[in-house]
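Q: My structure is below; once you've seen it, I'll send some questions.
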Amino acid sequence: MKPLKRTAILILALIVALLAGCAGAGNGGNTVTDVPKDPDATEDPYKDYTVWTSSREAGKAAQDTSKTIEDYTLMEGTAEKFKVANYFANNMIIARDRRIEIWGTADEDQNGKVVTAEFKGLKGSGVIENGEFCFALQGTLPASKEKGNSLIVRGAEGVEKEYTDVLVGDIWIVSGQSNADLTFSGTVAKSTTDIKKLYNEYLNNATADDDIRIMQQINWNILNRDGSKRMASPQSDVGKSTKWQLAERKKVAASGTSAFSMLGYFFAKELYTLNPEVPIGIVMGACGGAPLSILAPASALEKFPESLKYKSLTLNGINIPPAGIYNIFMAPLTHVGVTGMIFYQGESDANESKDYCDALKYTVEAYREQFGTDMLFLNVQLTSYGYESGGTNLDGVWNYVPDMRFAEAEVKIDDSIHNYEIIPSIDVGWKDGDADGAHPYYKFELGQRGAQMAAALLYGIGNMEDVGFPVPAKVMYKNDEIVILYDYAGGGLKTVDGGEVQGFEVKLNGAWQPAQVTIDGNKITIAADNAQGVRYAPSLRYFSTETANLCSGTDNIAVPFEIVFSDK
Numbered sequence: 001m002k003p004l005k006r007t008a009i010l011i012l013a014l015i016v017a018l019l020a021g022c023a024g025a026g027n028g029g030n031t032v033t034d035v036p037k038d039p040d041a042t043e044d045p046y047k048d049y050t051v052w053t054s055s056r057e058a059g060k061a062a063q064d065t066s067k068t069i070e071d072y073t074l075m076e077g078t079a080e081k082f083k084v085a086n087y088f089a090n091n092m093i094i095a096r097d098r099r100i101e102i103w104g105t106a107d108e109d110q111n112g113k114v115v116t117a118e119f120k121g122l123k124g125s126g127v128i129e130n131g132e133f134c135f136a137l138q139g140t141l142p143a144s145k146e147k148g149n150s151l152i153v154r155g156a157e158g159v160e161k162e163y164t165d166v167l168v169g170d171i172w173i174v175s176g177q178s179n180a181d182l183t184f185s186g187t188v189a190k191s192t193t194d195i196k197k198l199y200n201e202y203l204n205n206a207t208a209d210d211d212i213r214i215m216q217q218i219n220w221n222i223l224n225r226d227g228s229k230r231m232a233s234p235q236s237d238v239g240k241s242t243k244w245q246l247a248e249r250k251k252v253a254a255s256g257t258s259a260f261s262m263l264g265y266f267f268a269k270e271l272y273t274l275n276p277e278v279p280i281g282i283v284m285g286a287c288g289g290a291p292l293s294i295l296a297p298a299s300a301l302e303k304f305p306e307s308l309k310y311k312s313l314t315l316n317g318i319n320i321p322p323a324g325i326y327n328i329f330m331a332p333l334t335h336v337g338v339t340g341m342i343f344y345q346g347e348s349d350a351n352e353s354k355d356y357c358d359a360l361k362y363t364v365e366a367y368r369e370q371f372g373t374d375m376l377f378l379n380v381q382l383t384s385y386g387y388e389s390g391g392t393n394l395d396g397v398w399n400y401v402p403d404m405r406f407a408e409a410e411v412k413i414d415d416s417i418h419n420y421e422i423i424p425s426i427d428v429g430w431k432d433g434d435a436d437g438a439h440p441y442y443k444f445e446l447g448q449r450g451a452q453m454a455a456a457l458l459y460g461i462g463n464m465e466d467v468g469f470p471v472p473a474k475v476m477y478k479n480d481e482i483v484i485l486y487d488y489a490g491g492g493l494k495t496v497d498g499g500e501v502q503g504f505e506v507k508l509n510g511a512w513q514p515a516q517v518t519i520d521g522n523k524i525t526i527a528a529d530n531a532q533g534v535r536y537a538p539s540l541r542y543f544s545t546e547t548a549n550l551c552s553g554t555d556n557i558a559v560p561f562e563i564v565f566s567d568k
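Below, the structure is given as structure tokens:
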């Protein structure tokens, strides 16, 4: 090679080396190498899909004012005569970890005088004003099943009222219409099924040894002139005959209307069984035939859609106005630190399901505001029904029941109600041969399901992935496909019978048609061109694996739902 050519090559190599060094210096002296990116790590696999959302705002946690304790100077009792609220009784439950309020009334001549109270070392006092008193003890208490503790309310020397065997635990309300109210004494329709025999083994295990207390509020006791007056505005106390009772067989399954709610008792029993360190108190606040409007506080009704706002109910010639059942059964409980509510309602509003989502959201939010707690709301989704109840055909409005199921699910899917869970019931509804098509007897399973979810959420016993019921967490769609991601899949979705998935439908050109689906873990995929919606388990009547068979890996049935993308 000629010297000149060699020199040129050396100069060129030197220039290349210098340029490389400059590039390295600009990056801390390190050589930069392009590394192929992992598409799974950087790209959303569903970026081409539209995620379904509703127009409702996401639910928010309510402000919990039930734990606020004010410090004040204790006073000596001076009241000579007063009446503590009927709510207070022997064998009652006081809410754990919450403010303990004592309230009642007195004659006007006692105004300015002092009432005091003491329980398990906590003390409090308050002044009678305008014939009423309400004050809180100075502190809160953990759960306690210890027997022999008394709550003592005092006035002047020698004036006192003692309530014995008071426990500290969680207080729940069971509310709704007749399927919440249904007792062990029988169904609304004339039936040959003896519920007490059906549940005899369970009732034999209903003993006074359980730290469960029940409070029955009976519909028929308010169907009179006094009841009408009390339903007109929020009451500060329960009825005179309403008392806390031991959850023993003779009380739970008493004769006639005095028996307790099956749903309420089974829920309380299972919750206590799962965590016997926390006593359970459960209060009835349901009414057969109730539209949502009579169960909701007035503050919720102000926001209700017009179709649901003014509904009332007439029983035995007595009109129950909007907010009536709330005023007389639930308003008296706003002092007591309620943990949650198990709710079973919707048949009376089934033909207004499009407006029900908003109404239910406003109702739950109003409950939490009135009670001052971010209460857990467990909603029993409407069940499967028969063809008649006591000779009355279940037609007309009953045909809209599947739509109401979908409304109850929609507020979970769009997360518009905070701290809200669904208890599906289509698999434990009416069965062929049952006389009463409107009131299924099988409430044990529903109480058990609700209790297991409550235990997971409140006590950390179990987890929702295993005890919850599969419900869509996200519904996505594009031109040729729908993808549904589920919560509470229990390790992976499957079918009850091991066969192909049954019960899904897609809306095409305005009509619902059966859909073929595939399962992959917690994901359901449906091939469908330009679908306008998707739904699962739309059948009104008898449930079978031919109409719906999706379940979790832990064998919990999937929640019926319907999501419409477009009405066009």
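In the working numbering, the protein residues as written are 1 to 568. Think of the CB as a built atom: it goes at the ideal place given N, C-alpha and C, for glycine as much as any other residue. Given the structure is predicted, the values throughout are model-derived calculations rather than measurements.
Roughly how far, in whole angstroms, is the beta-carbon of V252 from the beta-carbon of I214, given that I think they are within contact range, below 8 Å?
A: Their Cβ separation, rounded to whole angstroms, is 7 Å, which keeps V252 and I214 in contact under 8 Å.
Q: In the DSSP assignment, the beta strand (DSSP E) including L274 goes from what residue to what residue?
A: Per DSSP, L274 belongs to no beta strand (DSSP E); it is in the alpha helix (DSSP H), 262-274.
Q: Count the other CB atoms, across all protein chains shown, that sit within 10 Å of the CB of S566; report buried if there are 16 or more and exposed otherwise.
A: Classification for S566: exposed.
Q: Could you pull the start and end residues of the beta strand (DSSP E) that M341 belongs to?
A: First-last of the beta strand (DSSP E) with M341: 340-344.
Q: Look up R449 in the DSSP assignment and say whether it is helix, strand or coil.
A: Residue state, collapsed to three classes: helix.
Q: Count the other CB atoms, across all protein chains shown, that sit within 10 Å of the CB of L74; report buried if there are 16 or more and exposed otherwise.
A: Flag for L74 reads exposed.
Q: Distance, Cα to Cα, T525 vs D497?
A: So the alpha carbons of these two residues sit roughly 20 Å apart.
Q: I think P424 touches Q452, with their Cβ atoms under 8 Å apart; what is that distance to the nearest whole Å?
A: Actually they are not in contact, since the Cβ atoms of P424 and Q452 sit about 13 Å apart, beyond 8 Å.
Q: Within its chain, find whatever has a CB closer than 6 Å to the CB of D421; leave out the 5 residues flanking it on each side and keep chain order.
A: The residue asked about is misnamed: residue 421 is Glu in this sequence, not Asp. Taken in chain order, the residues that qualify are L378, M453.
Q: Checking 8 Å against the spacing of the C-beta atoms, do G155 and E101 come in under that value?
A: The answer is no: Cβ separation not under 8 Å.
Q: Below 8 Å between beta carbons: does that hold for W244 and N399?
A: Not in contact: W244 and N399 (Cβ atoms no closer than 8 Å).
Q: Report, in whole angstroms, the separation of the C-beta atoms of P297 and Q370, which I expect to be a contact under 8 Å.
A: Indeed they touch by this definition, with Cβ atoms about 5 Å apart.
Q: Using a Cβ-based criterion (distance less than 7 Å to any ligand heavy atom), does E132 qualify as near the ligand COA?
A: By its list of ligands, the structure shown contains no ligand whatsoever, and the ligand COA lies outside what it can speak to.
Q: Going by beta carbon distance, what residues of the same chain come within less than 8 Å of T554, once the five residues before and after it are set aside?
A: Once the five neighbours on either side are set aside, the close Cβ partners of T554 are D466, V467, G490, G491.
Q: In terms of alpha-carbon separation, which member of R99, M375, R541 lies closest to G437?
A: Measuring from the Cα of G437, the nearest candidate turns out to be R541.
Q: Shortest alpha-carbon distance to E562 belongs to which of E365, Y488, D414?
A: For the residues E365, Y488, D414, the minimum Cα distance to E562 belongs to D414.
Q: Buried or exposed: which applies to A511, given that a residue is buried once 16 or more other Cβ atoms fall within 10 Å of its Cβ?
A: Result: exposed.
Q: Measure the beta-carbon distance from S307 to P322 and round it to whole angstroms, keeping in mind my assumption that it falls under 8 Å.
A: Wrong, their Cβ atoms sit about 13 Å apart, outside the cutoff.
Q: What does a CB cutoff of less than 6 Å around G372 pick up in its chain, not counting 5 residues either side in sequence?
A: Cβ within range, chain order: T65, S66.
Q: Do L458 and L333 have their C-beta atoms within less than 8 Å of each other?
A: No.
Q: May I have a chain-ordered list of the alpha helix (DSSP H) segments no shorter than 4 residues that lie completely inside the region 424-482?
A: The region 424-482 contains these whole alpha helix (DSSP H) runs: 444-454, 464-467.
Q: Alpha carbon to alpha carbon, what distance is there between T105 and L167?
A: Straight-line Cα distance between these residues: approximately 24 Å.
Q: Classify V166 as helix, strand or coil using the three-state DSSP reduction.
A: V166: coil per DSSP, three-state reduction.
Q: Check the DSSP bridge columns for L550 and list the partner residues they point to.
A: Bridge partners of L550: T495.
Q: Could you have a look at K311 and say whether DSSP puts it in helix, strand or coil?
A: Coil.
Q: Kindly give me the distance between the Cβ atoms of D432 and Y441, rounded to whole angstroms, as I take these residues to be in contact under 8 Å.
A: That belief does not hold up - the Cβ atoms of D432 and Y441 are roughly 13 Å apart, past 8 Å.
Q: What residue range is occupied by the uninterrupted beta strand (DSSP E) comprising E562?
A: Where E562 is concerned, the enclosing beta strand (DSSP E) stretches over 561-564.
Q: What whole-angstrom Cβ distance do G169 and P279 have, given they're in contact under 8 Å?
A: That belief holds up - the Cβ atoms of G169 and P279 are roughly 3 Å apart, short of 8 Å.
Q: Taking the Cβ atom as the reference point for each residue, do V174 and I325 lie within a distance shorter than 8 Å?
A: Cβ distance not < 8 Å, so V174 and I325 don't count as in contact.
Q: Could you have a look at Q513 and say whether DSSP puts it in helix, strand or coil?
A: In this structure, Q513 counts as strand in the three-state DSSP scheme.
Q: Around the Cβ of G429, are there at least 16 other Cβ atoms within 10 angstroms (buried) or fewer (exposed)?
A: The residue is buried, with at least 16 neighbouring Cβ atoms inside 10 Å.
Q: In whole angstroms, what separates the C-alpha of A558 from that of Y488?
A: Taking the straight line joining both Cα atoms gives about 9 Å.
Q: Looking only at DSSP bridge pairs, what is S389 linked to?
A: Note: S389 sits in a beta bridge opposite T392.
Q: Just to confirm, is the Cβ distance from L574 to V501 under 8 Å?
A: No answer is possible for residue 574: the residues shown for the chain start at 1 and end at 568.
Q: For G386, count neighbouring Cβ atoms within 10 angstroms of its own Cβ and tell me buried if that reaches 16, exposed if not.
A: The residue is buried, with at least 16 neighbouring Cβ atoms inside 10 Å.
Q: Excluding the 5 residues flanking Q448 on each side, which residues of the same chain have their C-beta closer than 6 Å to its C-beta?
A: These residues qualify, in order along the chain: E270.
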